[in-house]
Amino acid sequence: MQSNRLGWILLAPTLVILFFFGVVPFFYVLWLSFHQWNPFAVDPNIIYNGADNFRALVFDQGFLSSLGVTIAFVFFAVLSEVILGYFLAQAFMKEFPGKAIFRTVHTLPLIMAPIIVGSIWKLMTTPSIGIIPTVLDDWFGYDLNIGTSALAAFTVTVIMDIWHWTPLVTLTLIAALASLPADPFEQAQIDGANKRQIFWHITLPMIAPALLATVFIRLMDALRTVDEVLMLTGGGPGSATRYLGVHIFKEVFPKTNYGYGSAVSIIVLYLTIVACWLLYAALIAPRNKKA
Amino acid sequence: MTRTDPQDIETPINLHEQEEESRQSPIDRKEHQGFLPIQTNWFDRLFISVVIWVALCLFWLRFLEPAGLSLNIAQVIAVILAVIIVWKG
Amino acid sequence: MKRQRTWLYLLFWIAISFLTLFPIYWLFVISVKPAVELFSTPEIILTKFYWQNYIDVINDETLRGYMVNSLIISTGNAVLVTVLGFLACYALSRFNLGGKESIFFWTITNRMAPPAVFLLPLFLLLTQVYRFGDFTLLDSRIGMILVYCTFNLPFAIWTLRPTIDGIPKELDEAAFVDGASAWTVITEIVFPLARPGLAVTLILTWVFAWNEYLLAATLTNFNARTLTTGLSEYVTTTGTEWGIMATISVFTLIPALIIFSMVQRHIVAGLTFGAVKG
């Protein structure tokens, strides 16, 4: 076998790039979060200020409300996507003409840039241009205005996320359902189990690993949703759809208060890691132990 | 950065890898069942300690420091907790 | 009974497909309407096409520049990460490097963090630290190509690892015995066998780079702005040029749609990072 030196040489460019654009930014932002630094303030120097940034952060109403709406958004979006995705996957398990075409069409939103999804839904829902407000107004007399109604804006962002990402859940669950063995289901039917029993006792435990992996991925992606919301509502009205990523982009970044911004970034990263880890620890790890 | 995430995502590989690792160095990578509800290796426990440390400090800043308790108390508690978790978790 | 059910499913899926496709169709409708007609009652069926928006976008020099930037950045990034990922996977697969599994996982973790978290440090590093004399990486194509490596390189390594692992070691060992150099082995034995995997990686990383908005919006000012950032420039508080915005969206969408037809089967595995085989 060749000397290991060659191996390290081949690996080196990757490690160097990831070091400079992954590791260094992380430690840099960690270091900055304990400092006061605003280049355009009276004192433009970087000054160590201990936990002051975090002290300000935990009382920052803008950040806390952003955290709240993010949790609500992630919860509603991921929950609806998983439920909807499961039913669509079940509907795909049957034979019907043109299945491949429908599947292709269903996959389509996945490849689209988030910002394009945002722009599409902006065109759909902006009053007087979009078709949705017009139809709702004509048929139901309901005035949908994402520019003024916080609830409407929030709902539209959730629907947009569902439109964009449900196909991912559907397709992963199709893969999971298709790989299930037929025997347990036949046996259960012979034993006279009803549909609900079959779902809770056979289907769900068997697709659980794939389902959890999907939830996990969707959770991480939903937490980092920025582009489409930025395009659709810009975080408004007020702070109704200012999710954490949007908050950093719109509120934290333009104010050149870099020390405080670093603290926000670090806490967002922390919350993302904790959310994912909790899901892993609570749901996936115990199953591994049993297996 | 978030060293534990990939393990979370790709469970089968994670298991495999840890099996391999525990075979190579059974002393410091050993899976172990302490008072924590899941099996952990020393790195997992260190990670949990750091997570708890940060959470405790933030909680302290929000609710207890305005009441006059210094943040240093939180640090001491967090370090003690971390030692216990890494040792016995 | 059985036949009726089939029709039911068919109808159901036609409805779902309609819901999926209609927003995209609506984008096209807006893009081929003159501005004055936008605010009249929305018509769903198009009777006449108005191509002026497309002509405007193509003739707009700034937007053409953005399009070129987008093409250069995403192509450059895709080629770079595929080559580096290929070499890294070869190293990880064939050499007995100390702690290589830890290195593998560490590289993958780089993709997990939310990009918004990295806005600030990357912006500061690019403006303050990573500079060589007058040349800064901020607002340069090469800078964007390197920044996109943060999330595309881990992806390339992840998707290429099984491909390289799947190529029998005996092949290159035999070549080494015959006295071939490492370069020959990599380019003439491993590369041809890994080609399908490399193609998928190249295409998917290209799409990810093409679709990226957040980092491009913060780390570029003018010289290296991409098409996605151009799109947001048409949404202003004073008034949005809806037709132009829709047209740019269509332009941004087209390459992705072409690619979609090529790698449809791999998209799910790509987006779930291979955690779920789709």
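Residue numbers (our numbering), protein chains in the order written: chain Z, 609 to 899; chain V, 18 to 106; chain Y, 5 to 282. Positions of the beta carbon are idealized from the N, C-alpha and C atoms, including for glycine.
Asked	Found
Presumed contact (8 Å Cβ cut-off) between Glu689/Z and Trp773/Z, rounded CB distance	6 Å
Length of the line joining the Cα atoms of Leu759/Z and Gly234/Y	29 Å
Thr880/Z and Leu831/Z closer than 7 Å at C-beta	yes
Cβ of Ile101/V within 7 Å of any chain Z Cβ	no
Nonlocal neighbours in the same chain, by C-beta distance under 7 Å from Ala664/Z, ignoring five residues either side	Tyr868
Residue environment, Asn89/V, which counts as buried when at least 16 other CB atoms sit within 10 Å	exposed
Length of the line joining the Cα atoms of Lys104/Y and Thr188/Y	24 Å
Close beta carbons around Glu82/V, own chain, < 7 Å, minus the five adjacent residues each side	Leu88
Cβ-Cβ separation, Pro775/Z to Thr715/Z (assumed contact under 8 Å), whole Å	6 Å
Chain-ordered neighbours of Val71/V on chain Z, where CB pairs are closer than 8 Å	Tyr878
Burial state of Leu227/Y, where buried means 16 or more other Cβ atoms lie within 10 Å	According to the sequence as given, residue 227/Y is Asn; it is not Leu. By the neighbour-count rule (16 or more Cβ atoms within 10 Å), Asn227/Y is not buried but exposed.
Residues that Ile767/Z contacts on chain Y, provided the C-beta gap is smaller than 7 Å	Simply none; closest approach about 10 Å.
Beta carbon proximity, Tyr58/Y to chain Z, threshold 7 Å	no
Chain Y within 7 Å of Leu619/Z, Cβ atoms only	yes
Residue of Met768/Z, Leu785/Z, Gly738/Z minimising C-alpha distance to Ala816/Z	Leu785/Z
Amino acids of chain V, ordered along the chain, whose beta-carbon sits closer than 8 Å to that of Val882/Z	Val68, Ala72
Backbone CA spacing between Ala203/Y and Val837/Z [nearest angstrom]	32 Å
Where Ile49/Y falls: helix, strand or coil (DSSP)	coil
Nonlocal neighbours in the same chain, by C-beta distance under 7 Å from Met249/Y, ignoring five residues either side	Leu235, Tyr238, Val239
First through last residue of the alpha helix (DSSP H) which encompasses Trp747/Z	739-748
For Tyr94/Y, the three-state DSSP class (helix, strand or coil)	helix
Own chain, CB closer than 8 Å to Asp829/Z, minus 5 neighbours either side, in chain order	Trp773
DSSP bridge partner residues for His643/Z (one or two, in chain order)	Tyr656/Z
DSSP state of Arg135/Y mapped onto helix, strand, coil	strand
Continuous alpha helix (DSSP H) stretch holding Ser787/Z: start and end	From DSSP, Ser787/Z is part of no alpha helix (DSSP H); its letter is neither H nor E.
Residue span of the alpha helix (DSSP H) that contains Leu618/Z, given as start and end	612-626
Residue nearest to Met71/Y in terms of C-alpha spacing, selected from Thr251/Y, Pro196/Y, Leu206/Y	Thr251/Y
Rounded distance between the beta-carbons of Ala82/Y and Thr209/Y, thought under 8 Å	4 Å
Spatially closest choice to Leu731/Z from Asn215/Y, Phe212/Y, Gln8/Y, Lys37/Y, by CA coordinates	Lys37/Y
Proximity test, Cβ basis, 7 Å: Leu731/Z and chain Y	yes
Proximity of Ala186/Y and Gly615/Z at Cβ, strictly below 7 Å	no
Top-ranked residue by Cα proximity to Phe642/Z, from Tyr866/Z, Ala761/Z, Ala889/Z, Ala883/Z	Tyr866/Z
Under 8 Å by beta carbon: chain V residues contacting Phe662/Z	Cys74, Leu75, Leu78
Cβ neighbour criterion (16 or more within 10 Å) applied to Ile709/Z	exposed
Closest by C-alpha distance to Trp729/Z, when choosing among Met701/Z, Trp771/Z, Ile691/Z	Trp771/Z
Test: Ala721/Z CB closer than 7 Å to a CB of chain Y	yes
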